[in-house]
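Residue numbers 2 to 267, in the numbering used here, belong to the letters of the sequence shown in order. Before any comments, here is the structure.
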Amino acid sequence: MDRTTIIGVILGLIAVGAGMVMKGVPVSSLANPAAILIILVGTVASVTIAFPTSELVKLPKVFGVLFKEGQSQSTQDIIRQFSDWAQHARKEGLLSLEPKIQEVDDPFLKTGLLLAIDGQSADYIRDVLSEEIDAMEERHATGAAIFTQAGTYAPTLGVLGAVVGLIAALKDLTDIDKLGYAIAAAFVATLLGIFTGYVLWHPFANKLKRKSKVEVRSKQLMLEGILSILEGEAPRVIEQKLSSFLPASERVVFMAGNQSGESVDG
Numbered sequence: 002m003d004r005t006t007i008i009g010v011i012l013g014l015i016a017v018g019a020g021m022v023m024k025g026v027p028v029s030s031l032a033n034p035a036a037i038l039i040i041l042v043g044t045v046a047s048v049t050i051a052f053p054t055s056e057l058v059k060l061p062k063v064f065g066v067l068f069k070e071g072q073s074q075s076t077q078d079i080i081r082q083f084s085d086w087a088q089h090a091r092k093e094g095l096l097s098l099e100p101k102i103q104e105v106d107d108p109f110l111k112t113g114l115l116l117a118i119d120g121q122s123a124d125y126i127r128d129v130l131s132e133e134i135d136a137m138e139e140r141h142a143t144g145a146a147i148f149t150q151a152g153t154y155a156p157t158l159g160v161l162g163a164v165v166g167l168i169a170a171l172k173d174l175t176d177i178d179k180l181g182y183a184i185a186a187a188f189v190a191t192l193l194g195i196f197t198g199y200v201l202w203h204p205f206a207n208k209l210k211r212k213s214k215v216e217v218r219s220k221q222l223m224l225e226g227i228l229s230i231l232e233g234e235a236p237r238v239i240e241q242k243l244s245s246f247l248p249a250s251e252r253v254v255f256m257a258g259n260q261s262g263e264s265v266d267g
């Protein structure tokens, strides 16, 4: 479970709710069926027009990505795993890694290892796995684009809702008390439009983009690790190469820890 998404949504609701109370606005004023209809249903309608059915049917899975934590294995653990596999392959041959494939959960990594064990060339493996990474990026970009568009439409629909509310308010100017209430209610649509656009939809799109970058980088690390094992590189060389995927500060700690571990083993 990705707690940051849930915490962010809750904090956004608290911020707006508490801010309204502090300004003397009753939170019950948000219970405006017309404004909710215009913003939520209007946004859904706009997104439905903008994207084909084949992309919209994947939205439930996209929501799952937003609220699900990313990869369970850290980058350091993946590098150590490739180092161990390289050590094993250099001692007993590449085919000796075949039993270890059953322990791999990641389909991308499993595919790459199978291709290497089957004797495919490095160029072929790079082409196949790179295409898979590109296809994954395209899928992720589509999901993010849906939320980006929703975040663009919602605030504008809020203005539309306010205009509709003002038209209804100004049709009868005889009762000043009712007029003030009607004008205030008209701007609920604007509030909902801005809130959903800039507290939900745009941040959701950004979260998907960030998760996509992290996953792509992880897959690229796996690709380089598979090719390094295929080329028979030494475990220490593989660690040095793959540690470039770590931030500079983590890289120093990782390599220093490995060196100390080697000296203790020795």
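Every residue gets a Cβ at the ideal spot worked out from N, C-alpha and C, and that includes glycine.
Let me know the secondary structure DSSP gives residue i once reduced to three states.
i      : result
Val265 : Note on Val265: pLDDT 38, under 50, position unreliable in the model; the coordinate value appears next. Val265: helix per DSSP, three-state reduction.
Gly152 : helix
Ile188 : Residue identity check: residue 188 is Phe in the sequence provided, not Ile. Three-state DSSP puts Phe188 in coil, outside helix and strand.
Gly226 : helix
Glu139 : helix
Gln121 : coil
Leu31  : helix
Gly233 : coil
Ser250 : helix
Asp178 : helix
Asp128 : helix
Lys214 : helix
Val164 : helix
Lys111 : helix
Lys172 : coil
Val200 : helix
Ala257 : helix
Which stretch, first to last residue, makes up the alpha helix (DSSP H) that contains residue i?
i      : result
Ala90  : 76-93
Pro100 : Note, Pro100: premise wrong, no alpha helix (DSSP H); not H, not E.
Phe68  : 60-68
Ala35  : 34-37
Gln241 : 236-243
Met23  : 4-23
Gly43  : 43-51
Leu57  : 54-57
Shortest alpha-carbon distance to residue i belongs to which of the options?
i      : options                        : result
Thr157 : Trp86, Arg127, Leu192          : Leu192
Phe83  : Ala257, Lys172, Lys242         : Lys242
Ala123 : Leu228, Ile184, Met21, Glu93   : Leu228
Asp107 : Ala155, Gly9, Leu224, Ala257   : Leu224
Gly166 : Ile230, Lys24, Ile37           : Ile37
Arg127 : Glu232, Arg81, Lys62, Gly20    : Glu232
Gln221 : Pro236, Gln121, Gly113, Ile195 : Gly113
Ser219 : Thr6, Asp3, Leu110             : Leu110
Glu133 : Phe246, Val22, Gly18, Val217   : Val217
Ala185 : Tyr154, Val26, Ile7            : Val26
Lys208 : Gly162, Leu67, Asp85           : Leu67
Lys214 : Pro236, Phe246, Gly226, Val238 : Phe246
Gly198 : Ala142, Ile239, Met256, Val48  : Val48
Ile195 : Leu14, Pro53, Ile8             : Leu14
Lys59  : Leu12, Arg4, Ala51, Arg140     : Arg140
Asp64  : Ala145, Leu174, Tyr182         : A quick correction: the sequence has Phe, not Asp, at residue 64. Closest option to Phe64, Cα to Cα, is Ala145.
With a threshold of 8 angstroms, are at least 3 pairs of Cβ atoms found where one atom belongs to the segment 196-203 and the other to the segment 130-150? yes
Taking three-plus beta-carbon pairs below 8 angstroms as touching, is the segment 62-78 in contact with the segment 244-258? yes
Any 3 or more C-beta pairs closer than 8 angstroms across the segment 31-39 and the segment 183-197: yes
If contact is defined by three or more beta carbon pairs under 8 angstroms, each pair taking one atom from either stretch, is the segment 88-105 in contact with the segment 113-121? yes
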